[in-house]
Amino acid sequence: MTGHELLPRLRTWAEAGWIRRLDAAFARFVLELCPDAAAPVVLAAALVAHVEGQGHSCLRVDDLLRDPAGLPGLSPAAQGALCALMAALPARPADWLLALQGSPMVAHDEPGVERADAAGAGGARAGGATPLVLSGPRLYLRRYWRHELAVVACLQQRLGTERAVDLATARHWLDRLFPALDPPALDWQKLACGLALRSGVTLVTGGPGTGKTATAARLLALLFALDPAPQSLRVALAAPTGKAAARLKQALDAGLAGLPPGLMDPVPLHELATRIGPARTLHALLGARPDTRRLRHDASNPLPVDVVVVDEASMVHLEMMAALLQALPSRARLVLLGDKDQLASVEAGAVLGDLCRDAEQGRYGPETAAYALAVTGQALPLHTLDGGAPLAQQTVMLRHSHRFGGPIGELAQAVNRGDTARAAALLRAAPDAALHWLEAPFSEAVVRLALDGRAGAKGGYTGFLQVMQQRPEGTDPLAFQDWVLRVLDAFDRFRLLCAVREGEWGAVGLNAAVERALVGAGWLMRRGGVYEGRPVMVTRNDPGLGVFNGDIGITLRPATPGAPLRAYFRDGTGLRSVAASRLPSVETAFAMTVHKSQGSEFEHTVLVLPKEPSRVLTRELVYTGVTRARRQFTLVTGRSAALDSALAQRTQRAGGLLEELGSLETARPGATDPKPRAV
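So for the sequence shown, my numbering puts the first residue at 93; every next one is plus one.
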């Protein structure tokens, strides 16, 4: 079979919805550039584009040949078609690799060859930059290969040079900020702050309530105390979504304000804390511009910052992490906060999970143990001393949850272990408890929950609609703002989370069903697509309007009589609003996918798992859904085996970041900074 003979099949697959039209178009593009491209090259081009759409940064050719049906994101019919097609093509990995290596469309990233030379050679053969790069058995779209190299090169540069630390002074302030625990125990938050002083990058991971933002707040206080000119220390706060950014700012402000009076004397902490600006989305921080992927801040125009704290880092995809690292000045400190066990980003890459691969084991070396003892007065546990990679020396996993000590915390732990029996027992403990499992063959049961709640968790969305009916009389702006904030708070007490977007049990179907039910019950008056009381979620960044993907607001009538409807969003402790007519990229948000919920918390969270088996139903998805709940959690499943199959399935993202990070094994803080490979 030739590449030209293969192309009609790919078009048929795209028309059937098995792959994207974009995937087939990319294969056609490769064939147009190289009319004699072999069938394996054309097929690999379509499949590498397809897996990128599934969140993978590369296609592993060896895995494809070993198990074509295991390619992510394919329906059973598509799996069968791919297996049949693969049977007509060369079966040996060596034949595929030979075809790819011989193609002018593919650059070679070979061991021992400078990356710049490999890219240049491929570009010369293809008359420009090749669209594909082969690194061992991994086939990349060129830009994702560049993103991976950028992340590794930047980390290598930051980990290669140790920062000078005045141990006595640092120990003095750390002891003040972190009094001895009772009963005595290792204070992982104190360790994280101590390690952060000696390097340009620090990772702090842990489940909900383990104190990640509290650690960041005390780290900022520590940095202010140790800086000879704290008034000039430039701090930036960021998160992937507007909601997560607002929560980060609130948590850090509360953490700094909650320090005991006089603790930081003579450091004017209150004055310094007020100089920290609002938290922004990463897109806003880096200067996203409409209609282009290019950002205002990059290596040639670095961010004007000394410290950057990023929360919800599990949501940061590969491209954004590369952009952030490249835009940081060489002397700036980066602190990444996130839960490594949550879902990875929707876009390609599972960056935090890869970076925190050693977090639970620790894998600290003898130099780190000696430094930790000197700066914190704490001896690291023997089981954490295993001399791992340099990045492990700057990674700390917080272990104790201050929020989830009850059944929700127990459920999250059981889910994380894949312990289906324990998870099921907790969910079935009592029908009116904080946890509940509802097996329902029809989605109407979910709609009833959305309107009326359940025993032990009264009320659904009717709560925020009741607050809407308490609209103040007159046009007093302060009274109006207070009312809008109460509406937003009431809406955030309950949320439907879906594993999938489409279908009766997906976010789209349930949004429509809940909307119809609320209109039918008289709670909403819908006239067209825009109506008062409609919750909206922004689906596209719009820096000009000041709204970003994931922001959630409520559509309301402004205080001014007769003014058109506006969507109101939280902005820290205040509000921002946009005319509803200027927000074309929004969708109704009674129900949302679990992915979109990351960075948020709700008093009562309902997680809906559909009847149909799916590869997206994973342990990480259930864990993320459970940990969105503060007080009550309800699991709704369309089939009894849904929980078992989800907990048995782990999220796997194909990529080369883990292998590339292995190249850092010989580097360590304080070692000579190796020359980064060109990207």
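Just so you know, even glycine gets a beta-carbon here, dropped at the ideal spot from N, CA and C. Here the structure is a predicted model, which is why all the values come from computation and not from measurement.
Which whole-angstrom value is the C-beta distance of I500 and A526, which I expect to be below 8 Å? Correct: roughly 6 Å between the Cβ atoms.
Apply the 10 Å Cβ neighbour rule to C175 and answer buried if 16 or more other Cβ atoms are within range, or exposed otherwise. Counting of Cβ neighbours within 10 angstroms places C175 among the exposed residues, the total staying below 16.
Would you check if the stretch 287 to 306 and the stretch 365 to 375 touch, i.e. whether three or more CB-CB distances between them fall below 8 Å? Here the stretch 365 to 375 does not lie against the stretch 287 to 306, with fewer than 3 beta-carbon pairs under 8 Å apart.
Anyone know if the C-beta pair for T743 and L435 falls short of 9 Å? In contact: T743 and L435 (Cβ atoms closer than 9 Å).
From the DSSP output, in three-state form, read off K34 for me. With the chain running from 93 to 771 in the structure shown, residue 34 is simply not present.
At the level of alpha carbons, what is the spacing between V205 and A659? Because V205 sits at a pLDDT of 44, beneath the cut-off of 50, its placement in the model cannot be relied upon, and the point is left open.
Got a sec, what are the start and stop residues for the beta strand (DSSP E) T647 sits in? From DSSP, the beta strand (DSSP E) with T647 extends over 644 to 648.
Do you know how far the Cα of D128 is from the Cα of M197? Roughly 11 Å separates the two Cα atoms.
Any C-beta of chain D under 9 Å from that of C150: The structure shown contains no chain D; it holds only a single protein chain.
Using a 10 Å radius around the Cβ and a threshold of 16 neighbouring Cβ atoms, would you call T333 buried or exposed? Residue environment for T333: buried (at least 16 other C-beta atoms within 10 angstroms of its C-beta).
Just the C-alpha distance for A317 and L355, rounded to the nearest angstrom, thanks. If you draw a straight line from the Cα of A317 to the Cα of L355, it is about 11 Å long.
Hey, A591 and P702 are a contact pair by Cβ (cut 8 Å); roughly how many whole angstroms apart? Contact flag correct, Cβ pair sits at about 6 Å.
Decide if E144 is buried, meaning its Cβ has at least 16 other Cβ atoms within 10 Å, or exposed. Under a 10 Å Cβ-count criterion, E144 is classified as buried, with 16 or more other Cβ atoms of the shown protein chains found around its own Cβ.
Between S149 and R608, what straight-line distance do the alpha-carbon atoms span, to the nearest angstrom? Separation of S149 and R608 (C-alpha to C-alpha, rounded to the nearest whole angstrom) is 40 Å.
Do E536 and A613 have their C-beta atoms within less than 9 Å of each other? Not a contact, by the Cβ cut-off of 9 Å.
Hey, how far is the Cα of T758 from the Cα of A256? Confidence at T758 is low in this model, with a pLDDT of 41, below 50, so its placement is unreliable and the value that follows should be read with caution. Those two C-alpha atoms are separated by around 21 Å.
Could you tell me the alpha carbon to alpha carbon distance between E594 and P569, rounded to whole angstroms? Looking at the two C-alpha atoms, the distance is approximately 40 Å.
Leaving out five residues on either side along the sequence, give the residues of the same chain with a beta carbon under 6 Å from the beta carbon of V467. Closer than 6 Å at Cβ, skipping near neighbours: L259, A262, R263, G286.
Supposed close pair R649, L637 - CB separation, criterion 8 Å: About 19 Å; that fails the 8 Å criterion.
Hey, is the stretch 227 to 245 in contact with the stretch 148 to 164, meaning 3+ C-beta pairs nearer than 8 Å? Yes, the stretch 227 to 245 touches the stretch 148 to 164.
Endpoints, alpha helix (DSSP H) assigned at V592: DSSP places V592 outside any alpha helix (DSSP H), giving it a letter other than H or E.
Rounding to the nearest angstrom, what Cα-Cα distance links D663 and N641 in this structure? Spanning the two alpha carbons is a distance of roughly 15 Å.
Selected residue, minimal CA-CA separation from Q486, among P676, P100, L251: Selected option, being the one with the closest Cα: L251.
What is the DSSP secondary structure of H494, reduced to helix, strand or coil? DSSP, reduced to helix, strand and coil, places H494 outside both helices and strands of the structure shown, so it counts as coil.
I'd like to know whether the C-beta atoms of A504 and P300 end up nearer to each other than 9 Å. Closer than 9 Å, so yes.
Count Cβ pairs between the stretch 564 to 584 and the stretch 713 to 732 that sit closer than 8 Å; are there 3 or more? Judged by Cβ distances under 8 Å, the stretch 564 to 584 makes no contact with the stretch 713 to 732, as fewer than three pairs qualify.
So if DSSP puts P564 in a beta bridge, which residue, or which two residues, is it bridged to? DSSP, once it has assigned bridges, lists no residue as partnering P564.
Quick check on the DSSP output: the beta strand (DSSP E) that includes T685 runs from which residue to which? Counting along the chain, the unbroken beta strand (DSSP E) around T685 starts and ends at 683 to 685.
Helix, strand or coil at A221 according to DSSP, with G and I counted as helix: When secondary structure is reduced to three states using DSSP, A221 falls in the coil class, being assigned neither helix nor strand.
Reducing DSSP to helix, strand and coil, say where A260 ends up. Note: A260 maps to helix in three-state DSSP.
Can you tell me which residues form a DSSP beta bridge with G627? Per the sequence presented here, residue 627 reads as Pro, with Gly not at that position. Bridge partners of P627: I646.
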